[in-house]
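Peer 1:
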Amino acid sequence: MEKSINDIIAQRRTIKPDKYTGATLDDQVIRELLDAANWAPTHGYTEPWRFVVFTEDGKESLIDLLYKLDVEDHGENDVRYSKLRARIERSSHVIAIGMKRGVNPKIPAIEEAQAVAAAVQNMWILASAKGLGAYWSTGAIGYDKRLSEALGWDGEEDSAMGFFYVGDYAGEWPEGRRISPYTDKVRWERG
Ligand SMILES: Cc1cc2nc3c(=O)[nH]c(=O)nc-3n(C[C@H](O)[C@H](O)[C@H](O)COP(=O)(O)O)c2cc1C
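Residue numbers are given in our numbering: position 159 of the sequence shown equals residue 159, and the series is strictly consecutive.
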């Protein structure tokens, strides 16, 4: 039986690269995720989401870039390097997420960031619905100006917004967890 949209949303999960099989997914799957991202809503059709997809040898350039920034911040460190390498190697595709600020000054920057988050959520829901491992990480470097500029998002208000890791997953589907139900976060007013 087809899953309901409610179940698909509730079963979207964070699955981190250490759980991926290491297999490479067909690029076509990633194109479908990116197309889903492109259907996110925006105020004023600014469509501010930008992505750089790292796969195959591109993953090596991403490792080089991230380690260069890490060395600037923390110095040479083999453990940090190995963790970084493992996370990227184990992923099939790593998608750098960016926000390119539109030119319409009437659209507040926060709305551009909200639109990017909606785009990522679209990819994430679809990735989970396909049974893939997927994970949005912002970490320490996610919004770093050096990262944004290296990826080509170099306008004053442009920003990198972390990475979306995607990989093949063969384990049990993880249980979700929420600290409190939606009812704790909602107040209804009826006059
Ligand atoms: C904007 C954003 C940034 C995130 N960055 C990180 C991160 O840097 N490290 C991390 O462990 N999880 C990160 N996460 C994943 C959350 O920790 C995860 O979504 C949360 O644990 C809930 O699990 P679920 O996605 O399976 O429902 C991020 C999630 C979002 C929405």
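Backbone N, C-alpha and C fix where the C-beta goes; we use that ideal spot for every residue, glycine too. Remember, predicted model here, so these are calculated numbers, not experimental data.
Rank Ser4, Asp18, Glu2, Asn6 by C-alpha distance to the C-alpha of Ala134 and give the top, closest one.
Peer 2: Looking at Ser4, Asp18, Glu2, Asn6, the one whose alpha-carbon comes closest to that of Ala134 is Asp18.
Peer 1: Taking buried to mean at least 16 other C-beta atoms within 10 Å of its own C-beta, is Trp188 buried or exposed?
Peer 2: exposed
Peer 1: Put Ala40 into one of helix, strand or coil per three-state DSSP.
Peer 2: Here Ala40 sits in coil by DSSP.
Peer 1: Considering only C-alpha positions, which residue in the set Pro41, Ser159, Glu89 is nearest to Thr55?
Peer 2: Glu89
Peer 1: What first and last residue would you give for the beta strand (DSSP E) that runs through Tyr81?
Peer 2: Premise fails: Tyr81 lies in the alpha helix (DSSP H), 78 to 90, not in any beta strand (DSSP E).
Peer 1: Give every residue of the same chain whose Cβ lies closer than 7 Å to the Cβ of Ala118, excluding the five residues on either side of it in the sequence, and list them in chain order.
Peer 2: Ala40, Pro41
Peer 1: When you measure from the CB of Thr14 to every non-hydrogen atom of ligand 1, does any distance come out below 7 Å?
Peer 2: yes
Peer 1: Are the Cβ atoms of Arg80 and Asp64 separated by less than 8 Å?
Peer 2: no
Peer 1: If you follow the alpha helix (DSSP H) that Ala109 is part of, which residue opens it and which one closes it?
Peer 2: 109 to 129
Peer 1: Inspect the beta-carbon positions of Arg267 and Gly176 and report whether they are closer than 8 Å.
Peer 2: Nothing about residue 267 can be read from this structure; the chain reaches only from 1 to 191.
Peer 1: Do you know offhand how far Lys106's Cα is from Thr46's?
Peer 2: 11 Å
Peer 1: Looking at the strands, I want to know which residues DSSP matches up with Ile97.
Peer 2: Phe51
Peer 1: So the beta strand (DSSP E) Ser137 belongs to, where does it begin and stop?
Peer 2: 133 to 137
Peer 1: What's the call for Asn6, buried or exposed, on a 16-neighbour Cβ count within 10 Å?
Peer 2: Counting of Cβ neighbours within 10 angstroms places Asn6 among the exposed residues, the total staying below 16.
Peer 1: Are the Cβ atoms of Trp173 and Gln11 separated by less than 8 Å?
Peer 2: yes
Peer 1: Per DSSP, which residues does Ala160 bridge with? Please list them.
Peer 2: Partner(s): Gly98.
Peer 1: If you draw a straight line from the alpha carbon of Ile8 to that of Gly75, how long is it in whole angstroms?
Peer 2: 43 Å
Peer 1: Roughly how many angstroms separate the alpha carbons of Thr183 and Arg50, rounded to a whole number?
Peer 2: 34 Å
Peer 1: Exposed or buried, what is Lys100 when buried is set at 16 or more other beta-carbons lying within 10 Å of its beta-carbon?
Peer 2: buried
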